[in-house]
Ligand SMILES: C[S@@+](CC[C@H](N)C(=O)[O-])C[C@H]1O[C@@H](n2cnc3c(N)ncnc32)[C@H](O)[C@@H]1O
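Shown next, in the form of structure tokens:
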């Protein structure tokens, strides 16, 4: 771990602005901006008021930081009030609850120093330091380094954190003996957006895929955040892939290095603070296919992505409605956190006119649209099917045995 925590105060104006925001004048201006925002003051009068206090150069940054903190508060709680953020780093920041979970698993086998490769605003760095590690936080972006240093200090873990400029590709290339930059463990969260657009190709992430693979090879006590859509074929042998779901969406996909890997695939569901996990040591294969029966089950997206749907299907006595579609069906409702279930009232070939007539006849005026394997957008479908009736229905547009099919379901899921 490098002993030198000082950084060259770059002449970068963005860094200078962050330093001003960290100082007493910046803190006072951001507090004032937060009060104005809380009172519902609009941008133009808000900025005018701030300009009177701190001048035109600083009014905008103070307003922006107050706005970002307000946006961060639902996820970061009271920590948000002291975090130094930019719009980009807030967007890239993971949830503290999940960062803490990752940190505790990364350290569980005794590592006490971690390289956070690409620290951005330092939210992972802070979680690692809070979990008891000494953290080397690396980023090539001077603003990111300024944010991480400021945030670690503001949240009381500054003494555990060393912030350093560096290129992740070079650091991974020079990793030896299971260590990287003198640290026993590493966490890597590649930038997966460029120019405001998501980079779907892992070879275009920064750092790119070869560095991800090399890190997993060279530093067994490592974890990498990857895109949820990562192709299973990319996952190196012996590395565990985990998909984490919260509130019905995949919030993280992780690759655990061989020193931490415990299984082939893991699906994790975070539910009201509780954590449910499903694992498989080998590929369980696909669920069998069968007809649409009395109940339709919509699997959690993390379950689908992890390739473990067939385990839940076997538990529920359920079958796929089509070999290419991730909907399950069974005779009975499912009492399972891994799926949402709907009672199937009708199964009919897709025909908008006939569907409308059927819904009118049933007094259905409000529709929740769902689709899989169809180009139709659920919102468009719901709008097209809206009518005068007071009843509601879930309308699922999908494919059954290859044919475009509509399932009309009861609205109460379970
Ligand atoms: C997705 S963000 C990390 C977010 C962070 N883990 C968090 O929880 O807030 C990726 C970071 O990696 C940095 N980065 C990307 N490529 C890099 C490279 N080759 N060397 C150093 N830093 C790099 C970017 O500047 C960015 O701050």
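Numbering (the numbering used here), first residue to last: 43 to 456. Where a beta carbon is used, it is the ideal one built from N, C-alpha and C, also for glycine.
Can you list, in chain order, the residues of its chain with a C-beta nearer than 7 Å to that of residue i? Leave out the 5 residues immediately preceding and following it.
i: residue 322; result: 305, 306, 307, 350, 353
i: residue 398; result: 427
i: residue 336; result: 373, 385, 386
i: residue 228; result: 156, 157, 159, 222, 257, 261, 264
i: residue 200; result: 194
i: residue 445; result: 391
i: residue 443; result: 364
What is the DSSP secondary structure of residue i, reduced to helix, strand or coil?
i: residue 70; result: helix
i: residue 346; result: helix
i: residue 419; result: coil
i: residue 391; result: strand
i: residue 337; result: strand
i: residue 166; result: helix
i: residue 306; result: coil
i: residue 107; result: helix
i: residue 448; result: strand
i: residue 321; result: strand
i: residue 215; result: helix
i: residue 311; result: strand
i: residue 234; result: coil
i: residue 172; result: helix
i: residue 182; result: coil
i: residue 372; result: strand
Identify the continuous beta strand (DSSP E) that holds residue i and give its terminal residues.
i: residue 203; result: 203 to 207
i: residue 294; result: 291 to 298
i: residue 222; result: From DSSP, residue 222 is part of no beta strand (DSSP E); its letter is neither H nor E.
i: residue 264; result: 264 to 268
i: residue 159; result: 155 to 159
i: residue 435; result: 433 to 442
i: residue 281; result: Note, residue 281: premise wrong, no beta strand (DSSP E); not H, not E.
i: residue 364; result: 361 to 364
For ligand 1, is there a heavy atom less than 7 Å away from the beta-carbon of residue i?
i: residue 139; result: no
i: residue 113; result: no
i: residue 161; result: yes
i: residue 180; result: yes
i: residue 177; result: no
i: residue 249; result: yes
i: residue 222; result: no
i: residue 238; result: no
i: residue 271; result: no
i: residue 231; result: yes
i: residue 211; result: yes
Throw me the rounded Cβ distance for the residue i and residue j pair, which I believe falls under 8 Å.
i: residue 175; j: residue 155; result: 6 Å
i: residue 404; j: residue 433; result: 6 Å
i: residue 358; j: residue 370; result: 7 Å
i: residue 464; j: residue 277; result: In the structure displayed, the chain extends from 43 to 456; residue 464 sits before or after that span and is not available.
i: residue 347; j: residue 270; result: 6 Å
i: residue 151; j: residue 302; result: 7 Å
If I follow the unbroken alpha helix (DSSP H) through residue i, where does it start and stop?
i: residue 148; result: 138 to 149
i: residue 410; result: Where residue 410 is concerned, there is no enclosing alpha helix (DSSP H), although the beta strand (DSSP E) it sits in stretches over 406 to 413.
Leaving aside the five residues before and after residue i along the sequence, list all residues of the same chain whose C-beta is less than 8 Å from its C-beta, in chain order.
i: residue 388; result: 400, 448, 449, 450
i: residue 324; result: 306
Excluding sequence positions up to five away, which residues of its chain have a Cβ less than 6 Å from the Cβ of residue i?
i: residue 47; result: With a pLDDT of only 39 at residue 47, under the threshold of 50, the placement of this residue in the model should not be trusted, and no figure is reported.
i: residue 130; result: none
i: residue 72; result: 104, 107, 108
i: residue 134; result: 162
i: residue 283; result: 277, 297, 307
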